[in-house]
Every structure is written in structure tokens, then in C-alpha cells.
Amino acid sequence: MTLDTLTPPGAATRLPRRRVLQWAHSLALAGALFSAGSAWAQSSAPIRLLVGYAPGGPVDAAARLFAPALSRELGQSVVVENRPGAGGVLAGDLVAKAPANGQVLFFGASPTMTISPHVLKSMPFDPLRDLQALAPILSYANVLVINKEQPFRSVAELQAFARANPGKVSYGSAGMGGSNHLSGELFARRVGAQMTHVPYKGNAPAMTDVIGGQLTMMFDIIGTGRNYVNTGRVRALAVTSRERNPSLPDVPTLRESGVDFDVGGWYGLYGPPQMPAELVQRLNDATRRALGQEELRAKLVEQGYELWVGAPALLAERAARELALWGTVTQGMKFD
1 MTLDTLTPPG AATRLPRRRV LQWAHSLALA GALFSAGSAW AQSSAPIRLL VGYAPGGPVD
61 AAARLFAPAL SRELGQSVVV ENRPGAGGVL AGDLVAKAPA NGQVLFFGAS PTMTISPHVL
121 KSMPFDPLRD LQALAPILSY ANVLVINKEQ PFRSVAELQA FARANPGKVS YGSAGMGGSN
181 HLSGELFARR VGAQMTHVPY KGNAPAMTDV IGGQLTMMFD IIGTGRNYVN TGRVRALAVT
241 SRERNPSLPD VPTLRESGVD FDVGGWYGLY GPPQMPAELV QRLNDATRRA LGQEELRAKL
301 VEQGYELWVG APALLAERAA RELALWGTVT QGMKFD
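Here this note's numbering is used: the first residue of the sequence shown is 1, the next is one more, and so on.
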């Protein structure tokens with residue numbers, strides 16, 4: 001059979017060659033579009049949303065709020081799957097090596113994408129090259145808190161004391177190479193002071209020692225830190241974002257306090273590399289709509305998050321910018 005004699009199904013007579021060529025081209029185009037995304041949409045298997053941290057933490061909690069909203073927009077089940085290890089890197093590596101059909105996605109946290117490459121001895125994937133940025137999701141700031149018995153009422157007073165007393169200001173963190181460790185290191189550099197870092201195994205024990213007076217200060221995510229501030233257990237001096245946070249409207253930013261500092265964290269949706277453009281767009285559109293659901297928005301804002309909506313390029317650009325920033329901060333530091 002040749003194109004000259006081919007007759008489409010249902011046709012009563014042989015078509016001219018030109019018409020047959022047009023028909024064949026249309027079938028080929030439809031098949032290409034189907035392979036790019038429609039087959040994924042037809043799947044009955046749930047989408048696996050991998051989280052690189054243990055259940056119960058802030059990343060896991062945010063992912064479990066987001067997953068049902070994304071599921072409603074896609075018309076397909078989205079199941080959160082915890083794969084903790086190496087600061088989220090284990091989960092990211094699994095997604096980087098998954099098929100590019102949208103069935104395995106990554107709820108990526110900024111430390112995994114921008115800090116881990118500088119503090120781990122080896123990184124199994126390139127966060128900028130080996131994962132496809134799909135959509136920004138949330139942004140959050142940290143709050144600088146101090147022991148309430150400290151005499152400092154402003155960042156300027158803390159800065160003046162730290163400069164005059166090298167090493168006497170101590171700050172806690174969730175561990176070596178964590179985001180609040182590096183935030184403290186960057187803060188010390190920006191104010192021109194030598195400070196003493198004390199690493200802990202998690203934020204909670206560090207906060208306990210700030211409250212108890214064993215530590216001077218620490219940076220904590222606003223979602224948890226504000227509870228200690230609002231109950232009077234610690235004093236907040238500043239937030240790290242460019243603008244004031246609605247959860248702590250009376251707390252100035254570090255920029256307002258005279259310190260060049262605009263650092264926070266974020267969560268973004270990622271997939272394997274080489275995903276079809278149609279599928280990337282569909283997931284981005286679904287994420288935008290999910291973040292527009294009023295119930296989800298209210299829950300996230302109540303927890304101190306800021307909704308971060310935009311194109312895949314917005315997520316990719318921020319990750320690249322902060323990867324470079326933390327590379328500068330960590331240069332020469334040891335994390336063994």
C-alpha cells in the first residue's frame with residue numbers, strides 16, 4: 001500500500017495524494033502531542049511527590065497541604081512520599097533519575113538545591129542541570145531572635161556589642177551547614193563582627209538554649225519562631241526578608257535596621273530532566289491554580305509562608321542566584 005492508494009478509515013473513495021499527505025501529517029502531530037503529555041494524563045497511577053525530609057517537619061507539613069490542592073487541579077491522585085537523607089539530596093537524586101513522564105516529582109526545599117552542593121563531600125546530581133524546575137510554591141523568611149534577658153533592643157545595639165566583644169555573641173543552628181548556620185555566618189560578616197557558632201541536632205534544642213540563656217541568638221523560620229516571639233519567650237529583632245512579614249508586622253527587616261541582608265528559604269516543584277514542554281506547562285498551570293485555592297492560601301499564610309507564584313524560570317533563576325551566594329559564604333569553611 002502506498003500514499004497514493006491509502007484511504008482513511010470511513011472514507012468511501014480513494015483520496016487525492018495531497019489530501020492523504022495532509023491527513024497523515026495531522027495524525028503524526030497528534031501522536032507527538034499524545035506522547036508529550038496526554039499519556040501521562042491518562043495514567044491511573046498516583047503521582048509520587050517526594051519529600052527529602054522526615055514526616056512531621058516543616059517541609060513535610062507544607063507538602064502535605066499542597067498535595068491535595070495539586071491533585072484537585074490535575075484530576076489525579078498526588079501522594080506524598082518521604083525519602084529523608086542527606087538534607088533532601090536522596091529524594092532529589094531519585095527524581096533526577098526518574099522517567100520524565102511526570103509521575104515522580106520533587107517538593108524541593110532551598111537548602112537542598114543551594115546549600116547542600118557546597119557542604120556535602122559529594123553531590124550525586126547537579127541541582128541546576130539534573131532537575132527540571134516546574135513551579136515556585138512558597139517563600140519564607142527567618143526571624144532573628146535573642147534571649148529576652150539580653151539588653152539589646154535593636155540590631156544596631158547587638159551589632160555594636162558584637163563588634164566590641166569578639167566571640168561573646170553566640171548563635172545556635174540546626175547543625176553545621178544548615179540554612180540558619182549560614183545565615184548566622186553571613187550576618188556576622190555583614191555586621192563586621194566575630195560571633196561563635198554552636199551547632200545542634202535540630203532547631204528545637206537550639207531554641208531551648210536561646211530561651212534558657214545559654215545562647216545569645218539564632219535565626220529561626222518564622223513559621224515556628226513567631227510562636228516563641230508571641231508568647232514572650234524570646235525577643236525578635238528583625239526578619240530576614242526584603243519586606244516585613246505579615247505574621248510579625250511590628251518586627252523590622254534587617255535592611256530597615258541598616259544591614260544589607262535579604263535571605264530566606266523557599267519550596268519549589270521539580271521534575272526529572274528532559275520533561276516535554278507541554279507537561280512542564282501543565283504542571284506549572286496546575287500549581288498556580290492550586291495556590292489560588294482560598295483554603296490552602298489561608299492555611300499557608302497562617303503558618304507564616306508567602307505564596308510564591310510564577311514561571312519555571314523564576315524558580316530556576318532564584319536557585320542559581322542563591323547557589324552562587326552560599327558558595328561565596330561557604331568558601332574556606334569546613335563541615336566535617
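By construction, the Cβ of each residue, glycine as well, lies at the ideal position given by its N, Cα and C atoms.
Taking the beta strand (DSSP E) that Arg-153 belongs to, which residues open and close that run?
Taken as a continuous stretch (DSSP letters only), Arg-153 belongs to no beta strand (DSSP E), as it is neither H nor E.
Give me the Cα-Cα distance between Thr-208 and Gln-150, rounded to the nearest whole angstrom.
Whole-angstrom Cα-Cα distance: 15 Å.
For the structure I just gave you, are there three or more beta carbon pairs, one from the region 128-137 and one from the region 309-325, closer than 8 Å?
Enough Cβ pairs lie closer than 8 Å, so yes.
Met-1 by DSSP, collapsed to three states: which one?
For Met-1, the predicted structure reports a pLDDT of 38, less than 50, and the residue's modelled location is therefore unreliable. The matter cannot be settled from this model.
Can you give the Cα-Cα distance for Ser-170 and His-197, rounded to whole angstroms?
Each residue's alpha carbon lies about 6 Å from the other.
Is Ser-35 helix, strand or coil when you go by DSSP?
Unreliable positioning characterises Ser-35 in this predicted model, as indicated by a pLDDT of 45, which lies under 50. The coordinate reading is nonetheless provided below. Residue state, collapsed to three classes: helix.
Let me check understanding here. Comparing Cα to Cα, which of Ala-91, Pro-246, Arg-242, Ala-277 lies closest to Asp-260?
Minimum Cα distance to Asp-260 is reached at Arg-242.
If distances are taken between C-alpha atoms only, which option among Glu-256, Thr-224, Pro-124, Ala-320 comes closest to Ser-366?
Absent from the structure is residue 366, since the part of the chain shown begins at 1 and ends at 336.
For the structure I just gave you, are there three or more beta carbon pairs, one from the region 141-155 and one from the region 284-298, closer than 8 Å?
Contact fails: fewer than three Cβ-Cβ distances are below 8 Å.
Within a Cβ cutoff of 6 Å, which residues of the same chain sit near Leu-300, ignoring the five residues on either side of it in sequence?
None.
By the DSSP assignment, the beta strand (DSSP E) with Glu-81 in it spans what residues?
Residues 78-82.
Have a look at Ile-47 and Gly-258 and give me their C-alpha separation to the nearest angstrom.
Cα to Cα, the separation comes out at about 46 Å.
Determine the contact status of Val-104 and Gly-268, defining contact as a CB-CB distance below 9 Å.
No; because the gap between Cβ atoms is not below 9 Å, this pair is not in contact.
Can you give me the Cβ contacts of Pro-166 inside the same chain, cut-off strictly under 6 Å, excluding the 5 residues immediately before and after it?
Cβ within range, chain order: Gln-194.
Please work out which residues of its chain come closer than 6 Å, Cβ to Cβ, to Pro-330, disregarding the five sequence neighbours upstream and downstream, and give them in chain order.
Per the sequence shown, the amino acid found at residue 330 is Thr instead of Pro. Correct list, in chain order: His-118.
From Glu-322 to Thr-114, what distance separates their C-alpha atoms?
Between Glu-322 and Thr-114, the C-alpha separation is close to 6 Å.
Is the region 168-186 in contact with the region 202-222, if contact means three or more CB pairs nearer than 8 Å?
Yes, the region 168-186 is in contact with the region 202-222.
Kindly indicate which residue of Gln-281, Thr-240, Asn-147 has the alpha-carbon position closest to the one of Leu-182.
Here the closest residue by C-alpha is Thr-240.
In its own chain, which residues sit with a C-beta less than 7 Å from the C-beta of Ala-156, not counting the 5 before and 5 after it?
Closer than 7 Å at Cβ, skipping near neighbours: Ser-257, Gly-258.
What span of residues does the alpha helix (DSSP H) with Asn-203 cover, start to end?
Residues 203-212.
Which one or two residues does DSSP pair with Asp-220 in a beta bridge?
Val-143, per the DSSP bridge assignment.
How many whole angstroms separate the CB atoms of Val-280 and Gln-76, which I take to be in contact at a CB cut-off of 8 Å?
Contact flag wrong, Cβ pair sits at about 16 Å.
Taking the alpha-carbon positions, what's the Thr-328 to Ser-44 distance?
Near 46 Å, if we compare the C-alpha coordinates of Ser-44 and Thr-328.
Should Val-79 be labelled buried (16 or more other beta-carbon atoms within 10 Å of its own) or exposed?
Val-79 comes out exposed.
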